[in-house]
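One structure is given here, and the rest of the page talks about it.
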């Protein structure tokens, strides 16, 4: 029974049709199935986002190292001495340490996080020729689960309409 093609202006026809878009209703499970497809796409997008973040971390690390080297060379050539030199070197040392932290973040994102998510995605969203296998399975299982319910629903609807006609 296709409830989507019923004329919504006839209130007698709508009396016994489901009034919600709940996935429990006959044929309304498509949103649930679509979430599976969307989950695969969102997982791919998450991998891309984390990859971009890893590249940002790598770039920032290189920039900090370059900045530190530039100012280290400057201090080495300058006439600065004493506590001022120590302050400059401490700032550059902090920049080098910060660069290492950002490089470590890049390495962990690229070598641990992204492969882990890809592995999870590969096991959860197995691809067949045309579809993602779980999506196809969900669709078939929902259809099978709702088949008996739809038959009973049609019978109940038929009897309710008969009772209403008899009462008029």
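In the working numbering, the protein residues as written are 294 to 461.
All residues carry an ideal CB built from backbone N, CA and C; glycine is no exception.
Computed from a predicted structure; not experimentally measured.
What residue range is occupied by the uninterrupted alpha helix (DSSP H) comprising residue i?
i, result
"residue 399", "376-401"
"residue 314", "Element bounds for residue 314: n/a, residue is neither H nor E."
"residue 446", "426-460"
"residue 412", "407-417"
Spatial neighbours of residue i within its chain, please: C-beta separation below 6 Å, excluding the five flanking residues on both sides.
i, result
"residue 459", "none"
"residue 389", "361"
"residue 365", "385"
Quick one: what does DSSP say residue i is sitting in, helix, strand or coil?
i, result
"residue 319", "coil"
Using the C-alpha atoms, what's the distance from residue j back to residue i?
i, j, result
"residue 401", "residue 321", "42 Å"
"residue 407", "residue 431", "27 Å"
"residue 382", "residue 393", "16 Å"
"residue 434", "residue 415", "22 Å"
"residue 424", "residue 334", "13 Å"
"residue 398", "residue 350", "7 Å"
"residue 352", "residue 368", "24 Å"
Starting from the C-beta of residue i, find all residues in its chain whose C-beta is less than 8 Å away, skip the five residues before and the five after it, and write them out in chain order.
i, result
"residue 421", "429"
Hey, would you say the C-beta of residue i is under 8 Å away from at least one heavy atom of the ligand PLP?
i, result
"residue 363", "The model depicted lacks the ligand PLP and carries no ligand whatsoever."
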